[in-house]
Amino acid sequence: MPELPEVETTRRGIAPHLTDARINGVIIREPRLRWPIPHELPTLLKGRKILSVSRRGKYLLIGFHHGTLLIHLGMSGSLRILNADTPPQKHDHFDLRLSGGQCLRLRDPRRFGAVVWTGEKPEQHPLLASLGPEPLSESFSGAYLHGLGKSRRTAIKNLIMDSRVVVGVGNIYASEALFRAGIHPMRASYRISATRYEMLASAIQSVLCAAIEQGGTTLRDFQREDGNPGYFAQSLQVYGRSGEHCPQCGDTIRSLVIGQRNSFYCPQCQR
DNA sequence: AGTGCGGCCTGTCCGC
DNA sequence: TGCGGACAGGCCGCAC
C-alpha cells in the first residue's frame with residue numbers, strides 16, 4: 008500500500024492526536040509481523056509521554072524520552088485513530104491506547120509491516136542507518152542521482168526504488184516520475200545524461216508533493232487515519248493504465264515487469 | 001560491490 | 001459454486 012505520500016499523509020493525520028499524549032496501555036493481538044512485536048512493549052511504554060511523530064522514508068517514528076517506536080506499514084498496513092472501546096476487526100494487530108480515551112490502531116492483513124523499538128538514536132538503527140536521502144530534502148538532486156547512476160548498469164526504475172539511493176519511491180510513483188521525466192523505465196542508469204537526471208529528480212519531487220497534497224493514492228484499501236481514502240489515484244497518468252491512451256501523445260500505455268514489479272510507461276514519450 | 005531474486009503473508013480477482 | 005493460480009502499494013537477506 009503505502010509509499011512516501013501515504014506514510015506522510017498518515018503521519019500528518021495521527022500527529023495531532025499523539026503528540027504530548029501519554030500511553031495508557033499497549034495491546035498486542037498478533038505479534039507476528041515482519042519481525043515479532045516486542046512483548047515487553049507494554050512495560051516499556053505504559054505511562055510514557057509521546058514527544059514527537061516524525062517520518063524517515065516509509066518508517067514512522069514515535070519519539071519518547073527513552074527511545075523510539077518505529078512503525079512500517081509494509082504493503083497493506085494502515086493506522087487509524089479510534090475510540091479505545093471500538094471493537095477490533097480482523098487484522099487489527101496492535102493498539103497504542105492514549106490518555107483521553109483514544110487509541111492508535113494498526114491494521115495489516117498481509118503482515119509485511121513492522122513495529123520495532125529502539126532505545127538508541129533511531130537514525131543509527133540498522134533499519135534506518137543505510138537509507139538514502141529524503142527526496143523532498145536539500146540533499147536530493149539531479150546531480151546527486153547522476154553521481155550514483157553514472158556507474159550503475161541497473162534499470163533506472165530499480166535505481167530510484169532502491170532505498171539506499173533515495174527513500175520513499177515505491178512502485179506507483181516510480182512509474183509516474185519516469186513518465187513525467189520522459190525516461191523509459193528499463194533504460195540503464197549509466198546511459199542517462201546529467202540533464203535528464205535533473206528532470207527525473209524534479210519529477211520525483213513534484214509527483215510526491217502532488218500526491219501528498221491529495222492525501223495519497225488509494226487503489227484498493229489505503230485508508231487515512233480518519234478512514235477516508237486518498238485522491239491521487241485520479242491523477243495517475245500511467246500506473247495501472249496499460250491499454251489506455253497516453254495523456255500526452257495518445258499512444259497506447261504498456262506494461263512490463265522490471266525487478267519482479269509491474270511497470271507502466273508510454274513507449275512514445277519515454278526513451 | 002552490484003545485481004537479481006526468493007520469500008514473507010492474506011485478500012481479491014480471473015479463468016476454468 | 002468451487003478451485004487453482006496470478007497478482008497486489010515493500011524490502012530483507014541471500015547467492016552469484
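Residue numbers (this note's numbering): 8 to 278. Backbone N, C-alpha and C fix where the C-beta goes; we use that ideal spot for every residue, glycine too.
Item                                                                                                                                                                         : Value
Under three-state DSSP, which class holds T16?                                                                                                                               : helix
At which residues does the alpha helix (DSSP H) containing F147 begin and terminate?                                                                                         : Careful: F147 lies outside any alpha helix (DSSP H) and carries neither H nor E.
Tell me whether I21 sits in a helix, a strand or coil according to DSSP, three-state version.                                                                                : helix
List the whole-angstrom C-beta distance separating E10 from Y180, where the pair is believed to meet the contact cut-off of C-beta under 8 Å.                                : 5 Å
Report the residue from L80, S85, S83, R112 whose alpha carbon sits nearest the alpha carbon of P95.                                                                         : R112
Taking only the alpha-carbon atoms, compute the straight-line gap between H252 and M168 and give it to the nearest angstrom.                                                 : 26 Å
Based on the DSSP secondary-structure assignment, which residues constitute the bridge partners of C110?                                                                     : L89, R104
Is the number of C-beta pairs between the segment 111-129 and the segment 76-84 that are closer than 8 Å three or more?                                                      : yes
Compute the beta-carbon to beta-carbon distance between C110 and D102, rounded to the nearest angstrom, for a pair I have assumed lies under 8 Å.                            : 5 Å
Between which two residues does the alpha helix (DSSP H) carrying I163 extend?                                                                                               : 163-167
What does the alpha-carbon distance come out to for the pair A208 and I30?                                                                                                   : 40 Å
Leaving aside the five residues before and after M206 along the sequence, list all residues of the same chain whose C-beta is less than 6 Å from its C-beta, in chain order. : A188
Leaving aside the five residues before and after G20 along the sequence, list all residues of the same chain whose C-beta is less than 6 Å from its C-beta, in chain order.  : R231, E232
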